[in-house]
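See structure below.
Protein chains: 2
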Amino acid sequence: MDAYDELLIRLKDIDLVSQIGGLLGWDQEVLMPPKAAALRAEQLSWISKTGHEKLTNPRIGELLEQLEQRDDLNQVQMGNLRLTRDSYRKATKLPTAFVAEMAMHKSKSQISWAEARSKNDFSIFRDDLVKMVEMSRKKADYLGYEGVRYDALLDLYESGLTVSKVDPLFAGLRENVAPLVKKVIENGKKPDMSWVHENTWSKEGQEGLSQSISEAIGFDFQAGRRDASTHPFCGGPNPDDVRWTTRYDETDPFGSLYGSMHETGHGLYEQGRPRNLDFQPAGSANGLGVHESQSRLWENQIGRSKEFCEWSLPLWKKYFPKQMEGVSAENLWRSVNFVEPSLIRVEADEATYNLHIMIRYEIEKKLIAGEIEVDDLPDAWDNMYQEFLGISAPNRTLGVLQDIHWSFGAFGYFPTYTLGNLYSAQLLNAAKKELPNHDQLIKNGNFTPLLEWMRKNVHSRGSIIEPSALIEEATGSPPSPDDFVKYLQDKMQYLYELTS
Amino acid sequence: MDAYDELLIRLKDIDLVSQIGGLLGWDQEVLMPPKAAALRAEQLSWISKTGHEKLTNPRIGELLEQLEQRDDLNQVQMGNLRLTRDSYRKATKLPTAFVAEMAMHKSKSQISWAEARSKNDFSIFRDDLVKMVEMSRKKADYLGYEGVRYDALLDLYESGLTVSKVDPLFAGLRENVAPLVKKVIENGKKPDMSWVHENTWSKEGQEGLSQSISEAIGFDFQAGRRDASTHPFCGGPNPDDVRWTTRYDETDPFGSLYGSMHETGHGLYEQGRPRNLDFQPAGSANGLGVHESQSRLWENQIGRSKEFCEWSLPLWKKYFPKQMEGVSAENLWRSVNFVEPSLIRVEADEATYNLHIMIRYEIEKKLIAGEIEVDDLPDAWDNMYQEFLGISAPNRTLGVLQDIHWSFGAFGYFPTYTLGNLYSAQLLNAAKKELPNHDQLIKNGNFTPLLEWMRKNVHSRGSIIEPSALIEEATGSPPSPDDFVKYLQDKMQYLYELTS
Numbered sequence: 106m107d108a109y110d111e112l113l114i115r116l117k118d119i120d121l122v123s124q125i126g127g128l129l130g131w132d133q134e135v136l137m138p139p140k141a142a143a144l145r146a147e148q149l150s151w152i153s154k155t156g157h158e159k160l161t162n163p164r165i166g167e168l169l170e171q172l173e174q175r176d177d178l179n180q181v182q183m184g185n186l187r188l189t190r191d192s193y194r195k196a197t198k199l200p201t202a203f204v205a206e207m208a209m210h211k212s213k214s215q216i217s218w219a220e221a222r223s224k225n226d227f228s229i230f231r232d233d234l235v236k237m238v239e240m241s242r243k244k245a246d247y248l249g250y251e252g253v254r255y256d257a258l259l260d261l262y263e264s265g266l267t268v269s270k271v272d273p274l275f276a277g278l279r280e281n282v283a284p285l286v287k288k289v290i291e292n293g294k295k296p297d298m299s300w301v302h303e304n305t306w307s308k309e310g311q312e313g314l315s316q317s318i319s320e321a322i323g324f325d326f327q328a329g330r331r332d333a334s335t336h337p338f339c340g341g342p343n344p345d346d347v348r349w350t351t352r353y354d355e356t357d358p359f360g361s362l363y364g365s366m367h368e369t370g371h372g373l374y375e376q377g378r379p380r381n382l383d384f385q386p387a388g389s390a391n392g393l394g395v396h397e398s399q400s401r402l403w404e405n406q407i408g409r410s411k412e413f414c415e416w417s418l419p420l421w422k423k424y425f426p427k428q429m430e431g432v433s434a435e436n437l438w439r440s441v442n443f444v445e446p447s448l449i450r451v452e453a454d455e456a457t458y459n460l461h462i463m464i465r466y467e468i469e470k471k472l473i474a475g476e477i478e479v480d481d482l483p484d485a486w487d488n489m490y491q492e493f494l495g496i497s498a499p500n501r502t503l504g505v506l507q508d509i510h511w512s513f514g515a516f517g518y519f520p521t522y523t524l525g526n527l528y529s530a531q532l533l534n535a536a537k538k539e540l541p542n543h544d545q546l547i548k549n550g551n552f553t554p555l556l557e558w559m560r561k562n563v564h565s566r567g568s569i570i571e572p573s574a575l576i577e578e579a580t581g582s583p584p585s586p587d588d589f590v591k592y593l594q595d596k597m598q599y600l601y602e603l604t605s
Numbered sequence: 106m107d108a109y110d111e112l113l114i115r116l117k118d119i120d121l122v123s124q125i126g127g128l129l130g131w132d133q134e135v136l137m138p139p140k141a142a143a144l145r146a147e148q149l150s151w152i153s154k155t156g157h158e159k160l161t162n163p164r165i166g167e168l169l170e171q172l173e174q175r176d177d178l179n180q181v182q183m184g185n186l187r188l189t190r191d192s193y194r195k196a197t198k199l200p201t202a203f204v205a206e207m208a209m210h211k212s213k214s215q216i217s218w219a220e221a222r223s224k225n226d227f228s229i230f231r232d233d234l235v236k237m238v239e240m241s242r243k244k245a246d247y248l249g250y251e252g253v254r255y256d257a258l259l260d261l262y263e264s265g266l267t268v269s270k271v272d273p274l275f276a277g278l279r280e281n282v283a284p285l286v287k288k289v290i291e292n293g294k295k296p297d298m299s300w301v302h303e304n305t306w307s308k309e310g311q312e313g314l315s316q317s318i319s320e321a322i323g324f325d326f327q328a329g330r331r332d333a334s335t336h337p338f339c340g341g342p343n344p345d346d347v348r349w350t351t352r353y354d355e356t357d358p359f360g361s362l363y364g365s366m367h368e369t370g371h372g373l374y375e376q377g378r379p380r381n382l383d384f385q386p387a388g389s390a391n392g393l394g395v396h397e398s399q400s401r402l403w404e405n406q407i408g409r410s411k412e413f414c415e416w417s418l419p420l421w422k423k424y425f426p427k428q429m430e431g432v433s434a435e436n437l438w439r440s441v442n443f444v445e446p447s448l449i450r451v452e453a454d455e456a457t458y459n460l461h462i463m464i465r466y467e468i469e470k471k472l473i474a475g476e477i478e479v480d481d482l483p484d485a486w487d488n489m490y491q492e493f494l495g496i497s498a499p500n501r502t503l504g505v506l507q508d509i510h511w512s513f514g515a516f517g518y519f520p521t522y523t524l525g526n527l528y529s530a531q532l533l534n535a536a537k538k539e540l541p542n543h544d545q546l547i548k549n550g551n552f553t554p555l556l557e558w559m560r561k562n563v564h565s566r567g568s569i570i571e572p573s574a575l576i577e578e579a580t581g582s583p584p585s586p587d588d589f590v591k592y593l594q595d596k597m598q599y600l601y602e603l604t605s
């Protein structure tokens, strides 16, 4: 058999394991009965062990070496080789004992983080975090890197990402978005939010609204589902079975809807993957940054636009006729764009969100480099929140302990959230050049042309080329903060009547 | 490592594959989006292939041979050996090419069966059924048998079952139940069913009733779920995650409730498995007959008893206050015990049900032995329905084409339904000897003592000994139709005022 064909057979085997794991994970978050947790962990550990064994089979290494000699491979084949080599390298470079120790420590330190958070006492988490930082540094050393150690961790969540690529992006945000937020605050204008707070918003109405809007955008419910879960996410086994969730709060109708649009964006990306590359790494979504660009596109760039509010107002009135009495599209639009510096990242608005991420990025970078240590974290956190957002957490729970990520060693993950925001603005600008009547299309609820543009330029390209190359291919420019900054400046100036 | 310990490790690996398959199968029936079917089939085929590879690993054969020499094994260890040898033998005796051909033919002939059924034309299914019968005979020959060829197929669904064991059971039913049904019909008395048919029964009310009764009987919803599906079933991966379904018809409140009690009975058995034997074959439920005894116990022996109707009437009135106005426990009890010969097995009452099974058993026995052929089937079917139930199907759809089983070669499966009915009566009689106030307990809704008896004598015994030995151990007698016949005679005589 041809070496490439043999590789594809092995990759299909690995992909099926991962599809099955996707279903088990979804079920665990959405509807598994509580007592099933222990045996579900056994099943997931079996899945993970089986996938790892298949990926690290020495035959994969032999096939890669053979194929890397060949010069007759096309772009897709080269993509599959690059991605398989990357996974194989990551899976084989970490000693089994280290992987097992890390897995054990993840469980342990998630528990101490949760306790520290609930008791508002950083010291409870301190020792476990120290060990987690040490292990993460060690992990980076095992994986290897060319520039700085943190690069090895960034690369885990977006292939090819490095500090030298991320720094300029955050510099652009720091220089432009931080002053913009200051202006909004100084200006003191606030939208009228009374219509939101003075009403209750039934779960049934929110479900209807979320479902209608997700369908209108283009999510295929014959190849996916909407459910509820504590932490909204998009999962499921494959493009024919994409499952997203949201959550409902009867005092706030925005959380479920914008959560639904966010997860719908992830879901559309999954449903748009190139189906001739089923079971192949080149056919999968292209890392966390690009994934986040698709969720943020629909949640923010589209979902919080004036045109979208104009189109969706009748739907709001259909599901909430009484609550929406006298509310105009303009009211709706201003309310969904309320900007206010706040302590909690996951509740942050579009303008301040990336400052939360920038703070985490700067801290992680120094922490992994050994320029600061765990004991410096709480103060570093508070100082940066004061500097960039003008606020200080009254306690650790609302400060350095708010996110779960570090407790399971996910250093390098946060920056992909901001990459997503930047990519979404850059992609939308590129799409608009080919869709000159974009605003009118959104106002008419005709989302197909934009979705088709994303299908063609992003979704159908899978992971054939690296994420930053994909952005450049789709937009004509390498990743940059400029489009996002411009978008935010224009919007804030108009909404908050700023003088530029 | 000790050979027994090594075997347990391998068995755990196999069991985890099967647990995962259990979840995939449940999801497919209950909530998978329609377009996911093709890739779900790939996942399930991967599961099946992986399980088969692990089971037929020659190392299992070596370990079995070593362990079968030992004389220091306890009952559980011997049970595990017996069951593993049995699975290993079945998995290795069928040539891979034959298994693949059979799988292909199953898919094909299920499609032609469905078409034949919908078009009421046996000839569409005829050729595929001929081939399926031939393959099933061949399968029996591969598997081997001591008595008759059909024994090899019976043994697939209840370990150790043979024609020489089943024949006397059905003889007892033929001699006693068939005449009893004739008397009921001749007698002509019918319960008042108007209160059922003149009302509509909301899905919400039926859900509430099913849920309350399942909880009252003892199903642990922290370790399981209730959902809806087209074909009710009980599945899920393991005793901590037992998932049963029912279906709702707003013109008939009995289908969902008695379906729920049936599946709850299966679920209680799964939840009661011996947890110190997790991942071991000896810890699993003991074949289809014993499983059906647990579902039938709660559905019929308990659920259609007068005492249960007395206890449950207030619940009926809680969920259906208007519909149940003026309905007494006696009305309810008579209505849920309405006996009438009908053409469709799955809609049959307690008295006629086993006659449907007996007909199928007699036909299968002759068909596998080669005493009749596929072309004789339609007439044989109609003649036996006339003889034992006094009715004839007006067409093939309501006759020989009604069940799916033969289309996928499940010859030997039907008898386990009747075994379940007989076992349930025999087990309940044995339990009553230790629970002299049984009727009062049920009337009070105190189901715990009966459930505890089943836990101790059936559930916790797993598959340590063979099904018929388990029935004898629990009841003091080998399987027999006597208790069931007596139960039915008493009930029918009272309900229909028969002269004995």
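So the protein lines, in turn, are chains A and B.
For the first sequence, our numbering assigns the number 106 to the initial residue and increments by one for each residue that follows.
For the second sequence, our numbering assigns the number 106 to the initial residue and increments by one for each residue that follows.
For glycine and all other residues, C-beta sits at the position ideal for the given N, C-alpha and C.
Flagged as an interface residue toward chain B: A:Leu-121, by a C-beta distance shorter than 8 angstroms. Residue pairing of A:Trp-151 in beta bridges, as defined by DSSP: absent, with no partner found.
Here B:Val-505 carries a coil assignment [DSSP, helix/strand/coil]. For A:Ile-125, the chain B residues whose C-beta falls within less than 8 angstroms of its own C-beta are Ile-125, Leu-129, Gln-148, Trp-151 and Ile-152, listed in chain order. With its beta carbon at least 8 angstroms from every one in chain A, B:Asn-391 lies outside the interface.
B:Asn-343 belongs to the set of residues whose beta carbon lies under 8 angstroms from a beta carbon in chain A.
Taking 8 angstroms as the CB threshold, B:Leu-136 lines the interface with chain A. For A:Lys-308, no Cβ of chain B is located within less than 8 angstroms of the residue's own Cβ. Of all residues in the segment 323-337 of chain B, the ones placed with a Cβ closer than 8 angstroms to any Cβ belonging to chain A are Asp-325, Phe-326, Gln-327, Ala-328, Gly-329 and Arg-330, in chain order. For A:Asn-343, the enclosing beta strand (DSSP E) begins and ends at 339-343.
If you check the CB distance, A:Gly-517 and A:Tyr-262 come in under 8 angstroms.
Shortest Cα-Cα distance from B:Glu-404 to any of B:Thr-351, B:Glu-430 and B:Thr-305 involves B:Thr-351. Burial check for A:Lys-423: the Cβ neighbour count within 10 Å stays below 16, so the residue is exposed.
A distance below 8 angstroms separates the beta carbons of A:Leu-503 and A:Ile-449.
Assignment of A:Ala-333 by DSSP, reduced to helix, strand and coil, places it in the strand class. Residues Val-286, Ile-290, Thr-457, Leu-494, Gly-495 and Ile-496 of the same chain have their beta carbon placed closer than 7 angstroms to that of B:Pro-446, with the five preceding and five following residues left out of the count. For B:Trp-486, the uninterrupted alpha helix (DSSP H) segment begins and ends at 482-494. DSSP links A:Thr-350 through a beta bridge to A:Asp-332.
Counting along the chain, B:His-302 sits inside the alpha helix (DSSP H) bounded by residues 299-302.
Closest by C-alpha distance to B:Arg-187, out of B:Asn-225, B:Gly-388 and B:Ile-318, is B:Gly-388. Within the segment 365-383 of chain B, contact with chain A at the beta-carbon level (separation under 9 angstroms) is assigned to Asp-383.
Residue contact with chain B for A:Pro-386: absent (no Cβ-Cβ distance below 8 angstroms to any residue of chain B). When secondary structure is reduced to three states using DSSP, B:Asp-232 falls in the helix class. Cβ contact annotation for A:Ser-192 (same chain, cutoff 8 angstroms, sequence separation greater than five): Leu-160 and Pro-386, in chain order. Measuring C-alpha to C-alpha distances from A:Gly-431 to each of A:Thr-369, A:Gly-156 and A:Pro-419 identifies A:Pro-419 as the nearest.
Annotation: A:Lys-288 to A:Phe-443 spans about 14 angstroms, alpha carbon to alpha carbon.
In the three-state reduction of the DSSP assignment, A:Asp-357 falls in the strand class, which pools E and B.
In the structure shown, A:Asn-179 adopts coil according to DSSP, grouped into three states. Secondary structure at A:Ala-498: coil, using DSSP grouped into helix, strand and coil. Around A:Ala-143, the beta-carbon contacts reaching into chain B at under 9 angstroms are Asp-345. Exclusion of the five residues before and after A:Gly-475 leaves Arg-242 as the residues of its chain whose Cβ lies within less than 8 angstroms of its Cβ. Restricting attention to A:Lys-591, A:Glu-539 and A:Gln-598, the CA atom closest to the CA of A:Thr-580 is found in A:Glu-539.
Non-local C-beta neighbours of A:Tyr-250 in its own chain, meaning closer than 7 angstroms and more than five positions away in sequence, comprise Asp-256 and Ala-257, ordered along the chain. With respect to the C-alpha of A:Ser-264, the residue from A:Thr-189, A:Ser-319 and A:Glu-303 having the closest C-alpha is A:Thr-189. Here the alpha carbon of A:Ala-219 sits roughly 15 angstroms from the alpha carbon of A:Asn-500.
For the pair A:Glu-577 and A:Pro-554, the Cα-to-Cα distance works out to about 21 angstroms.
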